[in-house]
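Residue numbers for the sequence shown follow the UniProt record's numbering, so the first one is 107 and each next one is one higher.
All residues carry an ideal CB built from backbone N, CA and C; glycine is no exception.
Notes follow the structure.
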Amino acid sequence: PPLDNVINLHDFEVVARTVLPEKAWAYYSSASDDEITLRENRMAYQRVWFRPRILRNVDQVDWSTSILGVKSSLPVYISATALGKLGHPDGEICLTRAAAKHGVIQMIATLASCSFDDIIDAAAPGQEFFLQLYVNRDREITRKYVQHAEQRGVKGLFITVDAPQLGRREKDMRMKFVGDDAGAEVQKGHEVKKDQGVARAISSFIDPTLSWKDIPWFRKITRMPIILKGIATAEDAILAYESGVQGIVLSNHGGRQLDTSRSGIEVLVEVVSALRLRGYFPSPNFEIYVDGGVRRASDVLKAIALGAKAVGVGRPFLYAFCAYGQDGVERAIQIFREEFEMNMRLLGARTLDELVPEMVDASALTSH
Ligand code: FNR
């Protein structure tokens with residue numbers, strides 16, 4: 107269908123499903139075990155209700171923000187999704203070009219199909235990136251990778267902490283891996299297992315010994331802000347703050363890791379209240395992000411009202427470029443813009459700062 111017929115982010119998934127090879131669809135769409143967390147990521151947003159304010163002169167509304175001090179035209183960043191070339195010959199570069207045009211930040215995946223340097227080389231002047239990191243058992247490889255990224259101007263290091271082992275994505279496991287040199291520079295020396303799906307094939311280098319004790323080492327090797335991606339409890343949010351990192355992503359990896367873990371938006375409520383109690387929130391040096399199941403600007407506004415600085419979006423951008431290349435991603439961004447404008451007017455919030463907790467009723471969020 108022509109791109110003009112795509113009017114919301116869900117539409118990209120419908121189109122992607124019809125155009126993607128079976129293997130790509132299985133890898134992208136799958137989540138772990140019974141996919142209960144995947145479904146919950148959507149359902150949780152439906153348990154949060156708005157409390158809109160009226161008569162506030164909402165002629166001008168502005169949804170721009172900054173993330174880790176980097177300007178962003180949306181309170182949304184493109185979250186890392188691996189293996190973009192399974193679904194489009196240009197892979198992640200489609201995201202890069204669209205992000206450049208619209209002032210959106212792309213998080214580059216360690217396991218991107220395009221090499222890190224190819225992505226950075228495709229950037230527009232002044233375009234900013236974050237890097238998602240899977241930590242190699244061989245720390246020398248990780249050190250070089252991180253320092254190279256810093257040298258090339260990356261503005262934030264998102265260390266994935268919810269994947270000491272990859273989840274069982276059964277749809278994907280039924281497929282045989284064919285080969286992609288994703289993350290070649292970080293994979294060295296690790297056997298690629300080809301008979302258990304794409305995810306298993308590419309993840310054997312990831313270090314399950316990673317622990318809180320490693321955080322000072324990361325601090326030593328880079329000046330980039332460090333963000334832990336995949337925090338799921340208030341306890342770990344407190345440890346993260348006390349470890350001195352600059353932020354956390356409340357995430358369950360798009361439902362692809364521990365099944366029946368809670369949605370990021372639900373975790374946000376307990377995290378903000380626990381951090382507030384200790385005087386850790388709000389803080390100018392510590393930002394909280396949420397990802398998983400965000401498909402509408404209204405979802406984003408709910409997360410921001412509850413204390414998130416921005417949200418990550420994975421599959422919708424991935425599906426958008428698989429179906430329509432760069433144009434699809436641009437359309438996805440435009441849809442977000444239109445939805446932000448309307449929703450902020452109807453909510454009575456002219457800027458993101460005016461989105462206060464009183465604008466949502468989250469009392470049903472924790473009752474399932
Ligand atoms: C991911 N995600 C992910 N996260 C990460 O830290 N490293 C990775 O390599 C990947 N790869 C990846 C591949 C695919 C196909 C998907 C769908 C997701 C997780 C991603 O960054 C993000 O947390 C979720 O995608 C957010 O959920 P939604 O927006 O997809 O619902």
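Worksheet entry | Proximity test, residue 194 beta-carbon vs the ligand FNR heavy atom, cut-off 7 Å | no
Practice prompt. Go through its chain and collect everything with a Cβ distance to residue 432's Cβ below 7 Å, but skip five positions before and after it.
Written response: 200, 203, 204
Worksheet item: To the nearest angstrom, how far is it from the Cα of residue 304 to the Cα of residue 130?
Response: 9 Å
Practice prompt. Assign residue 282 to one of three DSSP states: helix, strand, or coil.
Written response: coil
Worksheet item: Among residues of its own chain, excluding the 5 on either side of residue 109, which ones have a beta-carbon nearer than 7 Å to its beta-carbon?
Response: 430, 433, 434, 437
Worksheet entry | Environment of residue 161 [buried if 16+ CB atoms lie within 10 Å] | exposed
Worksheet item: Any idea if residue 227 is buried or exposed, counting beta-carbon neighbours within 10 angstroms, 16 or more meaning buried?
Response: exposed
Worksheet item: Contact between the segment 124-139 and the segment 182-195: three or more CB pairs below 8 Å?
Response: yes
Fill in: Nonlocal neighbours in the same chain, by C-beta distance under 6 Å from residue 316, ignoring five residues either side
241
Item to complete: Mind checking which residues open and close the beta strand (DSSP E) that includes residue 177?
Response: 176-178
Discussion item. Taking the alpha carbon of residue 168 as the reference point, which residue from 463, 453, 469 has its own alpha carbon closest?
Written reply: 453
Discussion item. Cutting at 7 Å between CB atoms, please list the residues of its own chain near residue 457, excluding the five before and the five after it.
Written reply: 168
Practice prompt. Determine the direct distance from the alpha carbon of residue 325 to that of residue 245, and round the result to whole angstroms.
Written response: 14 Å
Worksheet item: From this set, 468, 149, 428, which residue's C-alpha is nearest residue 125's C-alpha?
Response: 428
Discussion item. At a cut-off of 7 Å, would you count residue 397 as near the ligand FNR, judging by its Cβ distance to the nearest heavy atom?
Written reply: yes
Worksheet item: How would you call residue 329, buried or exposed, if buried means at least 16 neighbouring beta carbons within 10 angstroms?
Response: exposed
Worksheet item: Using a Cβ-Cβ distance under 8 Å, would residue 459 count as near chain B?
Response: Protein chain content of the structure displayed is limited to a single chain, and chain B is not contained in it.
Worksheet item: Is residue 248 near the ligand FNR, judged by its Cβ being under 7 Å from some heavy atom?
Response: no
Practice prompt. Tell me whether residue 365 sits in a helix, a strand or coil according to DSSP, three-state version.
Written response: coil
Discussion item. Measuring only from the beta carbon, is residue 242 closer than 7 Å to any heavy atom that is part of the ligand FNR?
Written reply: no
Fill in: Chain-order list of residues whose beta-carbon lies under 6 Å from that of residue 302 (same chain, five-residue window excluded)
279
Worksheet item: Looking only at C-alpha atoms, which of 207, 342, 166, 151 sits nearest to residue 232?
Response: 207
Item to complete: Please confirm if the segment 382-393 is in contact with the segment 358-370, defined as three or more CB-CB distances below 8 Å between the two stretches.
Response: no
Practice prompt. Determine the direct distance from the alpha carbon of residue 263 to that of residue 313, and round the result to whole angstroms.
Written response: 17 Å
Item to complete: State buried or exposed for residue 394, treating a residue as buried only when at least 16 other CB atoms are found within 10 Å of its CB.
Response: buried
Discussion item. Within 10 Å of its beta-carbon, does residue 116 have 16 or more other beta-carbons around it, so buried, or fewer, so exposed?
Written reply: exposed
Worksheet entry | C-alpha distance - residue 158 paired with residue 412, whole-angstrom precision | 14 Å
Worksheet item: Using the rule of at least 16 other Cβ atoms within 10 Å of the residue's Cβ for burial, across every protein chain shown, is residue 213 buried or exposed?
Response: buried
Worksheet item: Taking the Cβ atom as the reference point for each residue, do residue 210 and residue 468 lie within a distance shorter than 8 Å?
Response: no
Worksheet item: Under a Cβ-count criterion, where at least 16 other Cβ atoms within 10 Å of its own Cβ denotes burial, should residue 152 be classed as buried or exposed?
Response: exposed
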